[in-house]
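Letter by letter, the sequence shown follows residues 2 to 239 of the working numbering.
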Amino acid sequence: MPGIFHFKKGKISPVVSNRPQTDENKIKKVDATLQKIDKFFHDIEPSLSKGISRDEYCEQHPEIKDCQNCNFSLTADEIIKHKIPYKVAGCTGRAKLFSKYARDIGLTDFFVVPAFVTDDIERKGQINGHGLIAIQLSYGLFLIDPMKGKTFETARIKGKCVVDEKIDASGNGKKDYTIAAILTPDEYDKINSYAKMKKIFLGCKTAKKILLNKATKELNKKIAAHKTVHIENQHQNS
């Protein structure tokens, strides 16, 4: 059903748009938005010195007030105004630009979809995430990666757009990413720090289950170690 969808309490409820757009028009607007983002970063990259790190870039540009959170703290308007390169803005910045440019040309039926590398939380205990976009067409929600291509078709990602769904976001044939949330553009705009993004990632059932399993394993190790010490002490005292 075409229209705007709102994500609340784990459900997507449809709200019919006052001006329903055809799928073809939506896809054209997606293409235009992706190409505008690509051109923006392409035009400013030559001004970025080769080999410079993100931290060094931040130190040289006082307009970036929060270097530690620069991937998240910068708004789309700030990225545009200060011509922030992709190396600094990251996939979060690219998703924010998509959100701004898309709304500027009248695309309404889309969401921002944070996803994380499942294995990184399981094995490494760290969060490695990515910012995707979900486009609402008349026959369902379709995932695209703003980094992946200049058109809707080339940026498409296979997989259902459902929270806790595992998807192949890297294009290597493995479902190595897990969808953490489906957010409206306004909700995504409010994520301005790593702490807030981390809360989004760890709020889904998959991440909670992983963390619970890790905590249980650590507890079992401590219990086993305690029992071993206790047995050794008994042998020494006997």
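Every residue gets a Cβ at the ideal spot worked out from N, C-alpha and C, and that includes glycine. The model shown is predicted, which means the values in this text are computed figures rather than measured ones.
Cα-Cα, which of the options is closest to residue i?
i, options, result
"residue 88", "41, 163, 217, 210", "41"
"residue 135", "62, 120, 158", "158"
"residue 245", "92, 123, 101", "No answer is possible for residue 245: it lies beyond the span of the chain, which begins at 2 and ends at 239."
"residue 76", "34, 160, 189, 62", "189"
"residue 160", "154, 142, 153", "142"
"residue 36", "164, 146, 206, 119", "146"
"residue 210", "197, 183, 185, 165", "165"
"residue 192", "102, 97, 129", "97"
"residue 155", "162, 202, 144", "144"
"residue 45", "187, 181, 80", "80"
"residue 179", "120, 215, 216", "120"
"residue 181", "175, 207, 187, 153", "207"
"residue 108", "185, 127, 56", "185"
"residue 197", "128, 106, 167, 33", "128"
"residue 105", "55, 54, 33", "33"
"residue 103", "175, 53, 38", "38"
Measure the alpha-carbon distance for residue i versus residue j and round it to whole angstroms.
i, j, result
"residue 59", "residue 149", "26 Å"
"residue 204", "residue 177", "18 Å"
"residue 100", "residue 221", "45 Å"
"residue 125", "residue 200", "18 Å"
"residue 85", "residue 43", "11 Å"
"residue 153", "residue 163", "19 Å"
"residue 195", "residue 63", "20 Å"
"residue 61", "residue 183", "35 Å"
"residue 25", "residue 187", "25 Å"
Within 10 angstroms of its Cβ, does residue i collect 16 or more other Cβ (buried), or is it exposed?
i, result
"residue 140", "exposed"
"residue 131", "buried"
"residue 23", "exposed"
"residue 217", "exposed"
"residue 246", "Absent from the structure is residue 246, since the part of the chain shown begins at 2 and ends at 239."
"residue 224", "exposed"
"residue 10", "Since pLDDT at residue 10 reaches only 43, below the 50 mark, its modelled position is unreliable, and no value is offered."
"residue 17", "Interpretation of residue 17 is limited by its pLDDT of 40, a score under 50 that renders its predicted location unreliable; the figure taken from the coordinates is listed afterwards. Its Cβ having fewer than 16 others within 10 Å, residue 17 is exposed."
Given the structure, does residue i come close to the ligand SAH, in the sense that its CB is under 7 Å from one of the ligand's heavy atoms?
i, result
"residue 85", "Ligands in the displayed structure: none, and consequently the ligand SAH is not present."
Quickly, what does DSSP pair residue i with across the bridge? List them, please.
i, result
"residue 113", "134, 184"
"residue 118", "178"
"residue 143", "136"
(request) Answer yes if the region 20-39 comes into contact with the region 65-78, meaning at least three C-beta pairs across the two stretches below 8 Å, and no otherwise. (result) These segments do not touch.
Review point. Counting Cβ pairs, one atom from each stretch, are 3 or more of them under 8 Å apart for the region 135-149 and the region 106-122?
Key: yes
Under 8 Å: do the region 166-183 and the region 78-92 share three or more Cβ pairs, one atom per stretch?
No, the region 166-183 does not touch the region 78-92.
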